[in-house]
Amino acid sequence: MIRAALISPLLLAACEMQPASEVTRFAPDYRGVETRLLDGDLVQFTVAMSGARESSDVDAYAECAAAQYALIRGYGFARHLRTNVYEEGGVWRADAVYTISPSLPRGLRKLDAEVVVAHCAENGIPTV
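With this note's numbering, the residue at position 78 of the sequence shown is 86, and numbering never jumps.
Spelled out as structure tokens, the structure:
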């Protein structure tokens with residue numbers, strides 16, 4: 009009986025309401041895309057946004073721009089070459105370079121442009 013009396017206050021303490029943690033709503037502000045054709049099928053995308061949670065948010069924005077650009081140019085695929093992401097004063101920027109092609113390119117990070125654009129639309133990420 010003594011053990012039950014000692015455990016009982018501990019159980020009650022565990023049932024007390026814990027303060028709710030603050031939930032931050034993801035509210036990105038997509039600030040635009042600059043596109044520059046570097047050479048033939050080599051394209052640079054510079055994107056800016058605020059409200060990003062992390063660098064992957066701005067990287068996804070650049071990927072969406074590249075996929076849409078490939079479709080606009082009549083190509084179905086893109087291959088990621090590099091992305092530099094930085095944040096300054098709450099504004100995230102990405103400088104990304106992709107190649108675009110009519111057929112599935114070689115490489116590790118290749119995009120099926122139609123699939124990526126559909127995914128972007130589902131997630132509310134604007135394209136070019």
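We treat Cβ as the ideally placed atom computed from N, Cα and C, and that holds for glycine.
Restricting to Cα atoms, I'd like to know which of the options is closest to residue i.
{"i": "D65", "options": "P110, Y106, N92", "result": "N92"}
{"i": "C72", "options": "A60, A86, G59, R114", "result": "A86"}
{"i": "L89", "options": "E95, V123, G98, Q52", "result": "Q52"}
{"i": "D47", "options": "V105, P36, A68", "result": "V105"}
{"i": "G82", "options": "R117, R39, R33, D49", "result": "D49"}
{"i": "T54", "options": "E62, R61, R39, A60", "result": "R39"}
Which residue comes first and which comes last in the beta strand (DSSP E) that contains residue i?
{"i": "L119", "result": "118 to 120"}
Tell me which same chain residues have a C-beta within less than 8 Å of the C-beta of residue i, skipping the five on either side of it?
{"i": "Q76", "result": "A121, V125, C128, T135, V136"}
{"i": "S111", "result": "G84, F85"}
In chain order, what residues of the same chain lie with their CB nearer than 7 Å to the CB of residue i, ignoring the 5 residues before and after it?
{"i": "I15", "result": "With a pLDDT of 49 at I15, under the threshold of 50, the predicted position of this residue should be treated as unreliable, though the coordinate-derived value follows. Cβ neighbours of I15 beyond the five flanking positions: none."}
{"i": "L18", "result": "Residue placement at L18 is poorly supported in this model, since its pLDDT is 46, which falls under 50; the coordinates still yield a value, given next. So no residue of the chain qualifies."}
{"i": "P113", "result": "F85, R87, T107"}
{"i": "A68", "result": "I133"}
{"i": "T32", "result": "none"}
Return no unless some Cβ of chain B is closer than 9 Å to the Cβ of residue i.
{"i": "V125", "result": "No chain B is part of this structure, which consists of one protein chain only."}
Which whole-angstrom value is the C-beta distance of residue i and residue j, which I expect to be below 8 Å?
{"i": "A70", "j": "A102", "result": "4 Å"}
{"i": "E98", "j": "S58", "result": "Reading off the sequence, residue 98 comes out as Gly, not Glu. With 8 Å as the limit, G98 and S58 qualify as a contact, their Cβ atoms being about 5 Å apart."}
Skipping 5 residues on each side, what residues in its chain have a beta carbon closer than 6 Å to that of residue i?
{"i": "L119", "result": "A75, A86"}
### Task
Would you list, in sequence order, the uninterrupted beta strand (DSSP E) runs of no fewer than 3 residues that lie entirely inside the stretch 33 to 113?
37 to 47, 50 to 58, 85 to 96, 99 to 109
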